[in-house]
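Residue numbers (the numbering used here): 158 to 292. Please read the structure below before turning to the comments.
Spelled out as structure tokens, the structure:
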């Protein structure tokens with residue numbers, strides 16, 4: 158299994174979190190808001206709207222071309238958010254990134270022009286309430 162460095166030459170926080178650079182045409186998705194942002198530039202533009210954010214990686218695991226990272230952040234208000242980010246790699250760069258945060262929220266109005274709606278069928282990867290069961 159390859160070793161992932163503690164930092165990356167990427168220009169974004171998520172590149173630091175993953176420990177690998179982002180591909181130019183990376184797609185970053187947030188299932189809880191049902192949105193996706195495409196391109197390294199737009200990922201950086203979104204991240205630039207959180208200047209007070211601090212973060213640290215808790216654990217980074219890699220299996221072949223998939224990186225899974227558990228990390229914590231603070232938006233500057235003292236509240237800690239626990240997160241999981243999954244990066245899918247091609248040629249050592251992240252081409253798809255999925256971030257999991259807390260409960261679902263609405264897309265902020267300022268970000269809507271930079272993102273598209275993420276296709277989330279109820280019987281797909283992120284099931285809706287009708288597709289949940291007791292186990």
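Idealized CB from N, CA, C, for every residue including glycine. Please read all numbers here as calculations on a predicted model, not as lab measurements.
Cβ pair residue i, residue j closer than 8 Å
i, j, result
"residue 191", "residue 277", "yes"
"residue 215", "residue 229", "yes"
"residue 232", "residue 209", "yes"
"residue 185", "residue 256", "yes"
Presumed contact (8 Å Cβ cut-off) between residue i and residue j, rounded CB distance
i, j, result
"residue 254", "residue 177", "Rounded, the Cβ-Cβ distance is 10 Å, inconsistent with contact."
"residue 200", "residue 169", "5 Å"
"residue 174", "residue 242", "5 Å"
Residue i - partner residues in DSSP beta bridges
i, result
"residue 264", "Answer is none; residue 264 lacks a bridge partner."
"residue 228", "214 and 240"
Closest by C-alpha distance to residue i, when choosing among the options
i, options, result
"residue 188", "248, 182, 274 and 202", "274"
"residue 206", "284, 265, 290 and 279", "265"
Practice problem: Scan the segment 235–261 and note each continuous beta strand (DSSP E) run of 3 residues or more that stays entirely inside, going in chain order. | Solution: Whole beta strand (DSSP E) segments, 3+ residues: 237–247 and 250–257.
Quiz prompt | Inside the segment 167–193 only - beta strand (DSSP E) runs reaching at least 3 residues | solution = Every beta strand (DSSP E) of 3 residues or more that sits fully in the segment 167–193 is shown, in chain order, as 179–187.
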